[in-house]
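*Asks:* In terms of the working numbering, the sequence shown opens at residue 85 and continues consecutively. All C-beta atoms, glycine included, are put in the ideal place defined by N, C-alpha and C.
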Amino acid sequence: MSDPRMPGHLDAAGSPAPSLTVVGVRGIGEVVAGSDVARLVVDALARDGVSLGAGDCLVVSSKVASKSLGLTWSGSKVDAVAAGTVRVVAERWADGRPTRVVESVAGPVMAAAGVDGSNTGPSATLLVLPDDPDAVADRLRSDVLALLGLDASTPFAVVLSDTAGRAWRGGLTDFALGSAGLHVLEDLRGGVDHDGRPLAVTMRAVADEVAAAADLVKGKANGIPAALVRGLDPACFDASAEGARRLVRTGPGDWFALGHVEAVRTALGAAPGSDEALEVGVASAGDRDDVVARVGRVVALALLEVPEGSADVDVRSARGADAAKDTTQDGARGAAVAEIALAAPEDYELGRLVTRLEVAAHSEGLRATVTARGPLCVTLTLSEPDPAVTSHASRQS
């Protein structure tokens, strides 16, 4: 990235165009418990002829902080994730254990509560995140300023970065886990855009953007755990600015507190992370499970809170050339994958069981259709959505 001091970068009005410099911090070496991260970073930059000062932002991988603080876990990863979890958002089954996206004690919603086993050094232990990443960033900022002989009010920032995926987006990116000395959000609400139109919702996640920019020159594979970002707008700096926890959206403002499958299962008594969820079964990560497993989870979920009920299941082939076709009430057709006869000793309990199975089917991408009724018995067919109907609906939306 270009240096803002370089000539030739002018905007249409003849003023210097905004630009950033992002420099990887080389030569930090292996960090261990008790390492002085501030000293390691300052010395590494000095060896490359770079000095820190006002207007700089230092981005440091959270893994470096965890190593220096001795935040290792010698037990199982499942237990480490559980210890770092406030609540489970979504879960899938992989490699013989549940893989979970959780709201972490550290703040963000992320896979496995940020527990990581890569680049952990010769000991090959698991690393966990600090409980208060903002406090860690603040301490690192204070340590660096002290080494430089600068006052605490100096416009200088530290961002503690970590890596995560994002809803609706493929791949991983770095984000601000902790922050000190930087306005993590730029609130543009109440202003206007370049064309003079009012801005009503725009809030830039500045700290996340800084962390992502820094990751372009550092990362897990090249042994560069920190970067210097230079050229930020002076208005970004504030020694008393709130930390990165402000970026975490939980509570009433969180529209996506659970995965869509987990929301349905929670309503039926099998919240993610619970014993009931494991009892019913958890879908596999990656490719969709076979029909037998999916139907089995639907039935188990339906019966979970209706212990007096019973289900007789006949699983069919969903792919055979002569697979049965069922017509639903709205005319959609799909390949039948199972026929289920539900029974209960009372009409009320039978009604609950039928309704629960209809809802549970949705959590597995199936549709339940009542095909027969009898005394204290109802038969339903589970069907795959018709690909032609699904494709048409997608095009219409």
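Contact between the stretch 315-335 and the stretch 123-130 is defined here as three or more beta-carbon pairs at a separation below 8 Å; is this criterion met?
*Replies:* no
*Asks:* I'd like the span of the alpha helix (DSSP H) that includes residue 346, first residue to last.
*Replies:* 344-351
*Asks:* Is the beta carbon of residue 300 sitting closer than 8 Å to the one on residue 109?
*Replies:* no
*Asks:* Name the one or two DSSP bridge partners that residue 246 has.
*Replies:* The partner list for residue 246 (beta bridge, DSSP) reads 259.
*Asks:* Do the CB positions of residue 227 and residue 122 come within less than 8 Å of each other?
*Replies:* Their beta carbons are under 8 Å apart, which means residue 227 touches residue 122 by this criterion.
*Asks:* Starting from the C-beta of residue 231, find all residues in its chain whose C-beta is less than 7 Å away, skip the five residues before and the five after it, and write them out in chain order.
*Replies:* If we look at residue 231 and ignore the five residues flanking it on each side, its Cβ neighbours are 122, 123 and 126.
*Asks:* How about the stretch 184-196 and the stretch 158-176: do they share at least three Cβ pairs that are nearer than 8 Å?
*Replies:* yes
*Asks:* When you compare only the Cα positions, how much space is there between residue 262 and residue 456?
*Replies:* 58 Å
*Asks:* Which one of 426, 435, 248 and 118 has the shortest CA to CA distance from residue 197?
*Replies:* 248
*Asks:* Along the chain, where does the alpha helix (DSSP H) that runs through residue 440 open and close?
*Replies:* 431-447
*Asks:* If we call anything under 8 Å between Cβ atoms a contact, is residue 345 one with residue 361?
*Replies:* no
*Asks:* Helix, strand or coil: which one does DSSP assign to residue 145?
*Replies:* strand
*Asks:* State the CB to CB distance for the pair residue 317 and residue 265, rounded to an integer number of angstroms; the pair is presumed to be in contact (CB under 8 Å).
*Replies:* Not really, about 14 Å apart at Cβ, beyond 8 Å.
*Asks:* Report the partner residues of residue 461 according to the DSSP bridge assignment.
*Replies:* 427 and 458
*Asks:* Helix, strand or coil: which one does DSSP assign to residue 335?
*Replies:* helix
*Asks:* With DSSP as the reference, identify every bridge partner of residue 187, one or two as the case may be.
*Replies:* 171 and 193
*Asks:* Spatial neighbours of residue 218 within its chain, please: CB distance less than 7 Å, with the 5 preceding and 5 following residues excluded, ordered by chain position.
*Replies:* 262, 263, 264, 327, 328 and 329
*Asks:* Out of 141, 131 and 448, point me to the one whose CA is closest to residue 347's CA.
*Replies:* 448
*Asks:* Taking the alpha-carbon positions, what's the residue 292 to residue 331 distance?
*Replies:* 9 Å
*Asks:* Residue 243 and residue 143: beta carbons closer than 8 Å?
*Replies:* yes
*Asks:* Using three-state DSSP, classify residue 413 as helix, strand or coil.
*Replies:* At residue 413, the pLDDT of 41 sits below 50, so the modelled position is not reliable and the matter cannot be decided from this model.
*Asks:* DSSP state of residue 106, grouped into three classes?
*Replies:* strand
*Asks:* To which residues does DSSP link residue 157 through a beta bridge?
*Replies:* 210
*Asks:* Residue 146: beta carbon under 7 Å from a heavy atom of the ligand FMN?
*Replies:* Among the ligands in the structure shown, none appear at all, so the ligand FMN cannot be discussed.
*Asks:* Tell me residue 466's beta-bridge partners as DSSP assigns them.
*Replies:* Paired residue(s): 422 and 452.
*Asks:* Alpha helix (DSSP H) containing residue 362: first to last residue?
*Replies:* 359-364
*Asks:* Determine which residues share a DSSP beta bridge with residue 397 and list them.
*Replies:* 424
*Asks:* Assuming residue 212 and residue 150 are in contact, meaning their beta carbons sit under 8 Å apart, how far apart are those beta carbons, in whole angstroms?
*Replies:* Correct: roughly 7 Å between the Cβ atoms.
*Asks:* How long is the line joining the alpha carbons of residue 400 and residue 166, rounded to whole angstroms?
*Replies:* Distance between the alpha carbons of residue 400 and residue 166: 38 Å.
*Asks:* According to DSSP, is residue 266 helix, strand or coil?
*Replies:* strand
*Asks:* Quick check on DSSP: helix, strand or coil for residue 271?
*Replies:* strand
*Asks:* How long is the line joining the alpha carbons of residue 200 and residue 210, rounded to whole angstroms?
*Replies:* Going by the C-alpha atoms only, they are around 6 Å apart.
*Asks:* In the DSSP assignment, what are the bridge partners of residue 310?
*Replies:* Under the DSSP definition of a beta bridge, residue 310 partners with 144.
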